[in-house]
Structure formats: structure tokens, C-alpha cells
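Residue numbers (this note's numbering), protein chains in the order written: chain A, 9 to 875; chain B, 254 to 554.
In this text, a Cβ means the ideal position worked out from N, Cα and C, and glycines have one as well.
Here the structure is a predicted model, which means the values were calculated and not measured.
Heads up, the thing below is written out as C-alpha cells.
Structure (C-alpha cells):
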């Protein structure tokens, strides 16, 4: 029955099983299948793909799939959901089977998608210009005005200089009858193009032969064209326009892609607070002052872009941005206001609009949609409401499924449909075609529904020509994800690459990651955004703290295991608990019944210590290890585009380690976990030192680390030499191990541990990178080399603080100090010295952030009232 | 009537402001019954950029930026305005209000008046339709009552039922709270009336402006004693917009000077801004609406 003969036996088996699974997935239907045609033959476009895959035996295929998965994870491909929830970070599976499109299908789709972009652009230009769609009676005003992204301040009678829609994403499915249907459009900042390319790179690396042999269209040219189009938008006469990508920040879904795109396209990744409108122009706050921005690729939704003219409660936007755009001082892609095209109610009129604006029929139909604001359409909806899915166009992201509502909720929906019908659309439920996905675990092909996203781009050379002559180009590929029709990309577990088959083999463009345009020299590094400097600083501080804490906790766990359980009074644990800043459990009362040596009591004590320590591995423990890591990670993410790929890989490895950490059950497992953390952090900071240019960014990172290190060291010394309940050699050992100085100590002093030798090593020895003396020198040098905002001849506060600490260290009476073991006076001197060091150094962070980081307070709204 | 209008808004800040972006809707618009001459904004400190445009509703918007360090901002409007009596609906306009609602509902493609009107029927930032508002309007809007009569009765109803109380409300007091407490200022009453009208299916828009006030008999009028004012207009199909002032229970006449209109206060805020710094602010407003006799005019020119 089939032409499976060119395939290996494994592949043949998979195909046979696939036929069965289709039956199980969609019994009694003979819906369209992407892989097999109606007579059960493999569709032509799949033949070469399967043949290539068939060259791999079962084991090879499995290992390639795993390789693809690992590559994806290591690169941190993820749609993060919200902040501080590392366990919840979603990484998806990349299906090793691509979604394969034949040349004929593609040509049809391409034509339809090109038309759709032209149509949407024409709608936007009309709705923000002459508004003939409304005044001519085709579109009811309430359909437009109810939608939150229709921005009245954008409406203007001035002719547009350039298209509003630069990049456009369209979600499409193939329905069970084999026809294409559009589900929705993404017209503000379509996401996913970066993922599509990342998926392609991943598959190309994991399946080099299959990828090279397949006659498929390549993607890289599209992203290059995107860069050209964005650069061409700039009105400035500069050769190298300053293009920034405006993101809501690391807490937003899709931040990975923002960082990825910024990196790939060589844009600065900025948040609203990094930008300011001055002299009518948009500028970016950098360490070297303000730097003018020419083009903004915005990934913030319309209503949030400018708190002056749009939503006043927006903290993401830039005050004055709309006016700057209106004056042509900055170009925004896509233009503000294009969100109106995402209004799901437009679909109800799309055929007529297409006829009216373009004078041609719509090529790809839109999913059947009714708008309740129209009486006849409302009547149709009300005859069988359960057959539709509903959306409130004021909250278009939410789907209301009548079958999921109880009677009361259903009545409420029906009431709302009658009271404010214009707010609701009804969308047809869809049946989609089936598509094969590869299940690595069971080594089978499974039939699933797939959603597709395609991307259109204005032809870069068409930006400034007559709008009737403009054309869009479609990325020959895209992003596919598994799920019922209409499943959100972020809710899917599995994504697929889309392969568009070309009639002839395509030249392989090996420059997938090549640079775009001329190289810009920014050797001085003053164009670093202040916010990035801030995050690098805190990444350093939290990373260092995590490192020191991990060492200290590791030592504590070690002591805990060694310690003689009966000798509780002489134990080091209370001091170590103090060092870890956790509360020592209250000892159970010793009374006549329970003896001090009662084994039961010991057991109780043991357990309560153990629990206290293991709590530090738990997710929500404030100041616990995962908590510290989250802070570290948050800062890493906001500087994602400044970290090398290898450094980022170590962050991801750490992240996976921390995902497992809350399940840490025992002391020994805990110790091992911490050792891993210490090594990974060392690798991370090592890579930062090796790969980051030693510019301002790196200096801030370094300053952050060393401030944390010096403060922790000073606190430890204070504890070990002055305030400990049980001072002595065991505690000194912990101090040396925590600061990783044990070996150095032994080599240098070849003796038992002496407090004065420890002081020498940890305070004064300027050749020891862990000593206070060394750190102060390093801080002083780094701070001197930071950009100086003013030309004042005086030293700034941060330099003065370091000098203050350094002098205290240099001027201390060393002779008296060396008597530390015996003399009370000596202890006094030490105590005073440590305080003199701790005080200025703890003020250092504030001083630095005051001089260098943008501390833009949240802008304040001002309004008057009428009486 | 001829007036000299002067409106000063002053903010004093507790700490310095480094940068502020502002939008003023303080330049009065020209209307068939209102002629605006020499309208001028004086801004202190000097703005770095000043741009004027018309907004969606045709109001005049001035955008300005101040970049020098400042601890106070003063914006003054000076203008001369000549007003004429407004047109009132003809006596023979006796369409009932509920028929008017039907006309608006069914007729999609009629001229510009109704397109604007559709927008003025939808929920806006400060005003959301609600059954309680419809119920309150029901007293005046009895089925079959001629629309103009019903609107006037409704205007009186709010004037009688509500107490003017500047202490009671803030800029963000929801319309339903105003309805329950029966207290508020002109902005609240205008919002409330608009909410009621929209809830029964009539279009209504918010009007921002000034009113000439008269000193108590026998006394001199005090400087700066006038105030900004707000009222509303109701869309009557086939005719136009009828203005009413529920705060005073009157129909606006020549003593009412119009700045602009919108869906609610948010569309016509006289002065708003976003600034960096500033700390706490202290606001003072002074308005003078001074009638000019012809003799005055001669002296001025």
C-alpha cells in the first residue's frame, strides 16, 4: 500500500504505528493529514526528509534528538513566565520532525500572507487617518473604540511618511479539510521569529546531514532584511543608526527572545527607564551620558508606551515618546497604534474590508467570526451559543468557553451579550489537520494538531514609496507548536521548526550568525546603559554572596556530621548558625526527667539542627540558597546580552541544579549540591573575566563581587576572633575553608592555626586575593577607572570611602594586634579596626549607585481637578 | 458677551523637578457661539519645546517640556473671548427620548454628528454604565417624554438632589460613590449625569471650561475668585448637542466659556504632566473671568 521501500525498517514501523495513532487521535474522521495523503501514501515533500532521517538507526536518532534538546536547554531557550519562580521556567521540547510544507502550499500561503499584511496596513492607515471605514458605515465606531489599543492621540490628518506595520506575525492552521485558516494577527511586536531561527540553528547542529541535504528555504536572509528595514527607518543622517529594542524587562514572557534578538541584530536591549525624552529626542541613559536613539523596536503593547498621553499608570513606557514620534524625532516599529489590528472583531468584516480597500477577495480565509454588536450576527450567536468560543474585546487574550461555564455563568454571559453586545465576538470552534510528531521516549510518530506562526516584513526598499506599490516578504519558515487550534504558544510543550521545501536545492548560507552592517567601535564602553551597569553590579554581589554562603554552609554541614552529638556545649554549631544568619533552635529544657545525656533528647536536638540547615535549601526560605540564586539569576537575565554564550550556559546549569535543590533530603546530598554550586560559580565568574571586555561593565561586576567579599570576610573575622562562643582552631578552620585559604595558609605558615597568622593572611596580605588589603586595592583601582560624571577636582564619595578604609588598615598598630591571643587591649584594637573597615565599606554601595546608576524615580503624574 | 479670561495654575514642589513633560488643554476652541482672540499661554520656567496640535476631538493641545531644574511651575492662559447665545432645540422638536435612543441604535451611517455620538455612548476611563445609574435617570426619563423636556428635568433633578461639597470627593471618586453620597463638585456631577445618560442609551460628552460668577450683591468681585468649571452636552439625533449644567441646574448661556470636550475629564484635563523628582506638590489655581465693556475694549487696544 505504500512507498515505504526506501526507508529503513524502524522508519517503516514508525509509519505503520502512526497510521494507527491517527485512528486513535481522531477516530472515525478522515481529516487531512500532513504526512500521508488520502490514499495513505507519503506526501512528496516528506519523502526526502524521511529518507534522510532513515539513514540514522534507532540509537543514532535518539542521541541526535537528545543533542537537540540539550542544545536548546543550554542556550536557555525558554518563554519565561513571571519572575522569581525558577521551578516554573518553561523550556520546551523541540520536535526533531519539522513541519514540512510543499512548494505549492507555500506559494499559496505566501501570496495570502503578503496580501494580509498589505490589507492590515491599509486598515491601520485608514483608521488612524481618514477613517473612511467608519464614516462609510462599514465598520461600526464601537467595534473600533472599545478596543484598548485604538489610540486616539495617533489619529491625525497628516499623511504618513512610511508604513505603520513593519513586521507582522500571523497564526494559521490547516483545518481538517485541508484549507488554511488564519486564527489571529500579531501586529505590535510579533514574537517568535527569534525562536524560529534558534530552532533552525539547533536542528541544523543536531542533524547536520539531514539539514544540509534537504532542499529547504533558508531563514537567515529574512532577519538580515529585517535589520535593513529597521535601519532604513531612521531619519538621521548617521551611517549607523542607533536601534534599541524596548522590552518590559526580564519579568516579561518572551524576555529570552528580546535578549536573543538584541544580540543577534546588534541592538541595545533597553527598558523604559533607560530611555528619556530630552530636547524632543529620545535618548538612552548610558554611563557616558545620553546617547540619541533613532529607531525603537518596541516589545511593549500600545497602551503602555507613554504615561503622558496613554495609560498614566504605565511604568514601562517613556514619557513624551508619542510626541517624539509625532515630530519624527524617533521611529518606532511597529508604529504606535498598530495594536488595533489585533482586534478580533475586525475578522467579522475582513472580507468586505478587503474588497473595499484592496479591491480583491481575501486569499486565506479568517476563522469564522461573528461580532455580537451586529444585530443579525448576535441573533445567529444566540441560536446556539454553545457552538462558539467567545472573547471580550476589552480583554482579547482571554477565551470564554461556554461548555466550561456553569449555568449561572452562562446566564451571566448571555446577559452581557445583550447588554453590551459590541464588546463580544464569537469564534468558530475548529478542527485541525493532523501532523506527525516524534516521541523520543517511545520512538514513535504521533498524530497531533499543530499551530503555525508566519512572519511578514515590509520590503526594506519599499519603505518610502507609494503605499499602493509596497510589498511585504514572508519568512520562508516560522514557528510551529503542538496543541489544539488556538493554543497559545506559551502554553504548548512542544515546538517545531517549519521547513519550506524549495523546488531546487538551496545554497547553504553558512553565515547564520554573521554580523550585520559595518562594525561600530565603542572601545570606551561609556555607551553602556546605566541599568545594565546596575544589574552587573548586583549580579556580582549576589553571585559572590551565593558563593560564600555555599562554602560556609558546606563547612557547616561537614561540621555537623563530624561533631560528637553528645558534646553539644562545646560544639561549633551555634557560631556557625550565627555566621549563616539563621536562628539557633532553642534547646529543650533539661529537667529531672530528661537527663542531659538522654539519647532521646540528643536525637531531638540532632533533628532540629538538621531541619534548620536543610531549610536553607527550600524554595521560599528568605536568604536561603534558592532565594539568593533567584536574585542572582534575575540580574543575570537582565544583562543576558552582555554575557558570553559559555557563561550563560553555566548559568543555565546552575539553574537546573537549583531546580532540584528544594528536594534536597540529606546532609550529604546537600554538601554535594553546594560543591557543584561553588564550582559552577567559579566557572561563571572565570568566564566573565575571560570573555567580557574589561570595560565599565566588567568593572561594575567586579566591584559588586569584591564589596560583597570584603564585607563577608570582615564579618567572619569578627565572629571568629572576637564574638564567637567557641573560638579556637575548629572555627579558624571553617574561616579558612570558607575563604578558600586553607592551602595557602598551610604552605605559608606550616604551623598550627594562629589567630595572628590568620589576621595577617586575611587582613594585611595584599598578595592574597581573599585578603581585605588586596580587595581594597582592587576596589580603589576599579573605582578610579569608572567614568567620572563631573570634572570636579575633588575625589568622589566612593573613592573617599575606600581611602578611609585603606587608611584604617594601614594605620593600625600591628604590634598590639599581634598579641591577639593574649591581650585584651589587642582585642580592643581589632574590634575598633573591624568597625572602621565595615562602616565605610557598607556605605560604598549607596555611593556608587548614587553616582553611576540611573535612579530614575518612577515618574510622577500631575493632574488638576475641576471644581 | 466679551470677557477677558485669565487662568493661572501653579505647582510648588517640595523637591526639585529635573524634567517634566506636560500637556495643557488650556487654549479655548473656536465655536459658532464662541470667538477666541489672543489666546496665549505663559509658562514659567521657559519650556524647551512647545508644540500645538488638535486632538481627536478638535481641542487645542499644547505639549511642552521643561528641562531646567525647577521647584515650581506656573502656566497662565490669557485670552479674550466673545460669546453669543447658544442655539436651543426648536420648540417643535418633540421626539421622545426613547425614540431617540432607537434612532441612534438603528442608524449606522448617518452624518458626522452621530459618529461622534457613538463614541460618547461607550464606557470611558472615569465613567462606566450601570443599572443603578439608569435607574436614577428613570425618574426624569419616563417613557414617551419629549427628549428636551426630559433632559431639562434630569438637569434639575441632579441640581436638587445633590449637595455641592468640595471636601467630599477627589479626582478619582467613582461615579457610583457620588450617586450614593449625593455630594460632589462640578466634575462629579458632570460625570454622574453622563453616566446616567449613557446607561439609558443616550450619547453625552464632558465639557470643560469656565463660568463668570457674580459677587454677592453690593460687594466687589475678588481677584482669582472664579473657577474652572465642567458641564456636559447630550446628543439629540437630528439636531445636535444640548449643553446642560447640573451643578447649577441651568442651561449654559453666554456666561459659559468653553475650553474643549471629550468622553470624560481624562480627555480634557486642563494641565497634566509626568515629571522626574518633585516630591510632594502644592497646587494653586486662580481664575478670573472679567467682563469687558466696550469702553474696556477701547482702553485695551
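CB of residue i within 9 Å of CB of residue j, strictly
i	j	result
residue 504/A	residue 207/A	yes
residue 562/A	residue 752/A	no
residue 404/B	residue 442/B	no
residue 173/A	residue 128/A	yes
residue 636/A	residue 544/A	no
residue 497/B	residue 428/B	no
residue 308/A	residue 341/A	no
residue 115/A	residue 441/A	no
residue 347/A	residue 157/A	yes
residue 746/A	residue 870/A	no
residue 907/A	residue 552/A	There is no way to answer for residue 907/A, as the model of chain A reaches only from 9 to 875.
residue 728/A	residue 742/A	yes
Neighbourhood of residue i by C-beta distance below 7 Å, restricted to the same chain and skipping five residues each side
i	result
residue 250/A	299, 300, 301 and 302
residue 522/A	Caution applies to residue 522/A, whose pLDDT of 42 falls short of 50 and renders its modelled position unreliable; the model cannot decide the point.
residue 381/A	148, 150, 151, 429 and 430
residue 288/A	332, 335 and 337
Same chain, Cβ closer than 8 Å to residue i, five either side skipped, listed in chain order
i	result
residue 284/B	511
residue 287/B	281, 334, 335, 336, 337, 510 and 511
residue 112/A	none
Residue environment, residue i, which counts as buried when at least 16 other CB atoms sit within 10 Å
i	result
residue 615/A	exposed
residue 702/A	exposed
residue 166/A	exposed
residue 879/A	Any answer about residue 879/A is impossible in this case: the structure gives chain A only from 9 up to 875.
residue 737/A	exposed
residue 858/A	exposed
residue 818/A	exposed
residue 106/A	buried
residue 225/A	buried
residue 472/A	exposed
Length of the line joining the Cα atoms of residue i and residue j
i	j	result
residue 539/A	residue 851/A	20 Å
residue 443/A	residue 435/A	23 Å
residue 574/A	residue 613/A	Legend: pLDDT at residue 574/A = 49, less than 50; position of this residue unreliable, value from coordinates given subsequently. In a straight line, the C-alpha of residue 574/A is about 10 Å away from that of residue 613/A.
residue 409/B	residue 278/B	29 Å
residue 258/A	residue 645/A	6 Å
residue 433/A	residue 379/A	4 Å
residue 79/A	residue 102/A	10 Å
residue 694/A	residue 161/A	51 Å
residue 374/A	residue 421/B	52 Å
residue 690/A	residue 486/A	38 Å
residue 418/B	residue 142/A	42 Å
residue 482/A	residue 343/B	60 Å
residue 413/A	residue 407/A	12 Å
residue 788/A	residue 855/A	14 Å
residue 21/A	residue 218/A	20 Å
residue 592/A	residue 621/A	10 Å
Close Cβ partners of residue i (< 6 Å) along its chain, the five nearest in sequence each way excluded
i	result
residue 372/A	120, 188 and 190
residue 377/B	516 and 517
residue 733/A	582 and 583
residue 355/A	374 and 377
residue 461/A	177, 179, 200, 486 and 487
residue 323/B	270 and 298
Below-9 Å beta-carbon distance, residue i vs any chain D residue
i	result
residue 405/A	Absent from the structure is chain D; the protein chains it does hold are A and B.
Checklist entry - Could you give the uninterrupted runs of the alpha helix (DSSP H) lying entirely in the stretch 788-840 of chain A, keeping only those of 4 residues or more? => result 805-819 and 822-825
Item to check | Minimum length 3: unbroken beta strand (DSSP E) runs contained in the stretch 279-339 of chain B | outcome: 287-297, 302-307, 313-319 and 323-336
Checklist entry - Unbroken alpha helix (DSSP H) runs of length 4 or more, entirely within the stretch 340-409 of chain A: which are they? => result 358-366 and 383-391
Item to check | Sequence ranges, beta strand (DSSP E) only - wholly within the stretch 174-222 of chain A, length at least 3 | outcome: 175-182 and 188-194
Item to check | Runs of beta strand (DSSP E) wholly within the stretch 53-81 of chain A (minimum 3 residues, chain order) | outcome: none
Checklist entry - Considering only residues of the stretch 628-678 of chain A, which uninterrupted alpha helix (DSSP H) runs meet the minimum length of 4 residues and lie entirely inside it, listed in chain order? => result 633-646 and 653-668
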